[in-house]
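Since the structure comes first, as structure tokens, the remarks are kept for the end.
2 protein chains.
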Amino acid sequence: MAKAPTVEDVARAAGVSRQTVSNVLNSPDIVRPATRERVERAIAELGYRPHAAARRLRTRRSSTLGIRLDPYSGGVSGVVLDRFVHALTERASARGLRILLYAARTAEEEIDRIRDLLDGGEIDAVVLTGTFRGDPRTAWLAAHAAPFVSFGRPWDDDAAPSHSWVDVDGAAGTRMATTWALAHAGPRVAFLGWPAGSDTGDDRERGWREAMPEGAPLVRLTAVDGVAPAREAVAETLRAGGDAPDAIVCASDTLAIGAHLAAVTAGRPTLPIVGFDNTPAAEAMGLSSIEQRPEDVAAGTLELLAGAEGAVIDPAERAAHVLVEPRLVVRTEPPRG
Amino acid sequence: MAKAPTVEDVARAAGVSRQTVSNVLNSPDIVRPATRERVERAIAELGYRPHAAARRLRTRRSSTLGIRLDPYSGGVSGVVLDRFVHALTERASARGLRILLYAARTAEEEIDRIRDLLDGGEIDAVVLTGTFRGDPRTAWLAAHAAPFVSFGRPWDDDAAPSHSWVDVDGAAGTRMATTWALAHAGPRVAFLGWPAGSDTGDDRERGWREAMPEGAPLVRLTAVDGVAPAREAVAETLRAGGDAPDAIVCASDTLAIGAHLAAVTAGRPTLPIVGFDNTPAAEAMGLSSIEQRPEDVAAGTLELLAGAEGAVIDPAERAAHVLVEPRLVVRTEPPRG
Chain A
-15 MAKAPTVEDV ARAAGVSRQT VSNVLNSPDI VRPATRERVE RAIAELGYRP
35 HAAARRLRTR RSSTLGIRLD PYSGGVSGVV LDRFVHALTE RASARGLRIL
85 LYAARTAEEE IDRIRDLLDG GEIDAVVLTG TFRGDPRTAW LAAHAAPFVS
135 FGRPWDDDAA PSHSWVDVDG AAGTRMATTW ALAHAGPRVA FLGWPAGSDT
185 GDDRERGWRE AMPEGAPLVR LTAVDGVAPA REAVAETLRA GGDAPDAIVC
235 ASDTLAIGAH LAAVTAGRPT LPIVGFDNTP AAEAMGLSSI EQRPEDVAAG
285 TLELLAGAEG AVIDPAERAA HVLVEPRLVV RTEPPRG
Chain B
-15 MAKAPTVEDV ARAAGVSRQT VSNVLNSPDI VRPATRERVE RAIAELGYRP
35 HAAARRLRTR RSSTLGIRLD PYSGGVSGVV LDRFVHALTE RASARGLRIL
85 LYAARTAEEE IDRIRDLLDG GEIDAVVLTG TFRGDPRTAW LAAHAAPFVS
135 FGRPWDDDAA PSHSWVDVDG AAGTRMATTW ALAHAGPRVA FLGWPAGSDT
185 GDDRERGWRE AMPEGAPLVR LTAVDGVAPA REAVAETLRA GGDAPDAIVC
235 ASDTLAIGAH LAAVTAGRPT LPIVGFDNTP AAEAMGLSSI EQRPEDVAAG
285 TLELLAGAEG AVIDPAERAA HVLVEPRLVV RTEPPRG
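Protein sequence lines correspond, in order, to chains A and B. Heads up, the first sequence is in the numbering used here, so the first residue is -15 and it goes up one at a time. Heads up, the second sequence is in the numbering used here, so the first residue is -15 and it goes up one at a time.
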């Protein structure tokens, strides 16, 4: 690249020593005003910028946040995390912070990577994603007093959380969807969820249960997260006849797409179905969906991590959290077949 | 975070001066063997790692590649770039390189960001995406001799390209799809593309034209890249009756989804339709699609940018390129309604 001006260039232009330039940059008080002005003029004229590495070494701050990016695994909902990374990059940039991506295949490998990056002064803090019960990463980060925020709440922590986190209120989303379906479709609002035992899935199911009126029939369908299994589960229910559901609230857009295809086959192409994640796939099929607002999750993450002037702060002392309210995107005139 | 051992800690443990530790790290030849061994033992015992910022300052190398990440704009095909970033992160990591994300809203703003990052020694090279005719970014990077590779060929450069690039052979993809459709569906293979004037779109159309036999009817449908416009364009053709197409090759998955919905409405749910990008949306709907192989694009990018031991090399002298052959993903038993 075009050679950037160096300290030597500045020193030559100002007619001073290299050390004097360095003093102006780091300890301006000890330099005589006239000399300081001459050096500052040379810095401005040459467009000299102190090397970031030098600045980092001085401040021991990289102004950089690390986040893991997993290998692409396909699937309809992967876009949510990507959208979060997009928003994080943009909002961090506005605060003068950078985003550094790293790869890791296991939690243990991720801890190694994080240690290297923190030790090397390459990142100041970590944004953890995909947290799970007994996650060794949060334990390690807490034990090493490393500043971090997780996208995902600590499910196994019933008492006060031990670290800062941002998450989306899944139950609020399905509550919203169920309330909408009860008002616009009918009393038999079914829920299509994953097999029990998933914290996220149980949370989303809870919202549906809470929104259903006392004594209303609770039709709970189950499928693993795939279009074909969802289609099969819903097809069976619709074939059973009798009390077919008036609407179906789903734990994911993948399940919603399967449910919709089953409804089309059963001759009910307009059966109201609500997905979760508001992915491009749901949009393309004209399905309603609950939107996670990844942009607000990114904003919350930076609120917890970045202090004034973009400096990274350690949120551990506060152990605060941000719970983002999702929103329901209703598509009532779908481009359905 | 837990305080990492410093040069001072090593010096104290080895009973030498700070300068001696520094000499062992940077000019081991000038240190007496016995002293060197003592310092090296202290380094190993304490687990001291030279601060990355210090290393960068010494080598003037960050081992970091910069890539722009735009705000999420929705749409079915955005996943291709995200998948490329995932693959780039993973493959770069394996070579000891890091990926730094930056945001920019215009080409001019991106040039400013790149200049800052290069000047600051924060990145060694740039991976440019979304290139276009008369792109000021490539001109600026070339003029400043900054190492870079673009994902996207220089369309306005008929002669030898002035810089290194990686791209996907779109024409090869639609050629493949058309040949498959001719063999499995019938002679009337239509093409659904964007309005003329898009380099990428024209390239994809060219592959279809080249694969069609001499004298075969060339049905070229046009729609802007949206599900609804595509659906309308195809619905009209199918309504026209008579010589309806036997298959439709599309310039994107968005167009393919619209085409499929029109076919379902017209009572032809099994009309073979091939999209482009092999997105999760196409997969969820059981549509065939041309896969860009973003992982191979990432591998090609690093081949051009990274030399031995992960050091970033300047590909400008070679101005080489990698044209990735896409592959056709055929879905013959689609979960269609």
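Yeah, the Cβ is synthetic: ideal placement off N, Cα and C, and Gly gets one too. Small disclaimer: the values here were computed from a predicted structure and weren't measured.
Check                                                                                                                                                                          : Outcome
Please report how far the alpha carbon of residue 58 of chain B lies from the alpha carbon of residue 60 of chain A, in whole angstroms.                                       : 13 angstroms
Using the C-alpha atoms, what's the distance from residue 122 of chain A back to residue 146 of chain A?                                                                       : 9 angstroms
Kindly list, in the order they appear in chain A, the residues whose Cβ is closer than 9 angstroms to that of residue 30 of chain B.                                           : Those do not exist, as residue 30 of chain B stays about 12 angstroms from chain A at its closest Cβ, beyond 9 angstroms.
Quick check on the DSSP output: the alpha helix (DSSP H) that includes residue 307 of chain A runs from which residue to which?                                                : Element bounds for residue 307 of chain A: not the alpha helix (DSSP H) but the beta strand (DSSP E), 305 to 308.
Among A/265, A/273, A/202, A/247, whose alpha-carbon lies nearest the alpha-carbon of residue 235 of chain A?                                                                  : A/273
Counting only runs of 3+ residues fully inside the stretch 39 to 109 of chain A, write out the beta strand (DSSP E) ranges in chain order.                                     : 48 to 52, 82 to 86
Measure the C-alpha to C-alpha separation of residue 365 of chain A and residue 132 of chain A and round it to an integer number of angstroms.                                 : Chain A is shown only over -15 to 321; residue 365 of chain A falls outside these bounds and no answer can be derived.
On the three-state DSSP scale, how would you describe residue 216 of chain B?                                                                                                  : helix
Would you give the residue range spanned by the alpha helix (DSSP H) that residue 29 of chain B belongs to?                                                                    : 17 to 30
Considering residue 177 of chain B, what are the terminal residues of the beta strand (DSSP E) in which it resides?                                                            : 173 to 177
In chain order, what residues of the same chain lie with their CB nearer than 6 angstroms to the CB of residue 319 of chain B, ignoring the 5 residues before and after it?    : Because residue 319 of chain B sits at a pLDDT of 42, beneath the cut-off of 50, its placement in the model cannot be relied upon, and the point is left open.
For a contact defined as C-beta to C-beta under 7 angstroms, what are the partners of residue 327 of chain A on chain B?                                                       : Since the first residue shown for chain A is -15 and the last is 321, residue 327 of chain A is missing from the structure and cannot be characterised.
For a quick check, are the C-beta atoms of residue 259 of chain B and residue 240 of chain B less than 7 angstroms apart?                                                      : yes
With DSSP as the reference, please indicate the residues paired to residue 272 of chain A in a beta bridge.                                                                    : A/258
Which first and last residues belong to the alpha helix (DSSP H) in which residue 240 of chain B is found?                                                                     : 237 to 249
Nearest to residue -6 of chain B by CA position, among B/31, B/97, B/181, B/250, is which residue?                                                                             : B/31
Hey, would you say residue 2 of chain B sits closer than 7 angstroms to residue 15 of chain B, going by beta carbons?                                                          : no
If you draw a straight line from the alpha carbon of residue 83 of chain A to that of residue 183 of chain A, how long is it in whole angstroms?                               : 29 angstroms
Is it true that the CB of residue 309 of chain A sits closer than 7 angstroms to the CB of residue 156 of chain A?                                                             : yes
By how many angstroms is the C-alpha of residue 228 of chain A removed from the C-alpha of residue 139 of chain B?                                                             : 56 angstroms
Whose CA, out of A/-2, A/307, A/20, lies closest to the CA of residue 8 of chain A?                                                                                            : A/20
Alpha carbon to alpha carbon, how far is residue 115 of chain A from residue 253 of chain A?                                                                                   : 37 angstroms
With a CB to CB cut of under 7 angstroms and the five nearest residues on each side skipped, what residues in its chain are close to residue 233 of chain A?                   : 158, 161, 162, 165, 173, 175, 192, 258
Is there at least one non-hydrogen atom of the ligand MG closer than 6 angstroms to the beta-carbon of residue 208 of chain A?                                                 : No copy of the ligand MG occurs in the structure displayed, which carries no ligand at all.
Compute the distance between the beta-carbons of residue 120 of chain A and residue 88 of chain A, then report whether it is under 7 angstroms.                                : no
Quick check: what's the CA-CA separation for residue 100 of chain A versus residue 108 of chain A?                                                                             : 12 angstroms
So what does DSSP say about residue 209 of chain A, is it helix, strand or coil?                                                                                               : coil
If you reduce the DSSP assignment to three classes, tell me which class residue 130 of chain B lands in.                                                                       : coil
Using 7 angstroms as the limit for Cβ to Cβ distance, is residue 296 of chain B near chain A?                                                                                  : no
For chain B, is any of its Cβ atoms less than 7 angstroms away from the one on residue 223 of chain A?                                                                         : no
Applying the criterion that 16 or more other CB atoms from any shown protein chain within 10 Å of the CB defines a buried residue, is residue 64 of chain A buried or exposed? : buried
For residue 231 of chain B, report the span of its beta strand (DSSP E) as first-last.                                                                                         : 231 to 234
Can you check which of these residues, B/117, B/205, B/206, is closest to residue 137 of chain B by C-alpha distance?                                                          : B/117
The beta strand (DSSP E) that contains residue 151 of chain B, what's its start and end?                                                                                       : 148 to 152
Whose Cβ in chain A lies nearer than 8 angstroms to the Cβ of residue 213 of chain B?                                                                                          : By Cβ distance, chain A contributes nothing, its closest Cβ being about 10 angstroms from residue 213 of chain B, past 8 angstroms.
Contact check, residue 265 of chain B vs residue 264 of chain A under 8 angstroms by CB: the rounded distance?                                                                 : 6 angstroms
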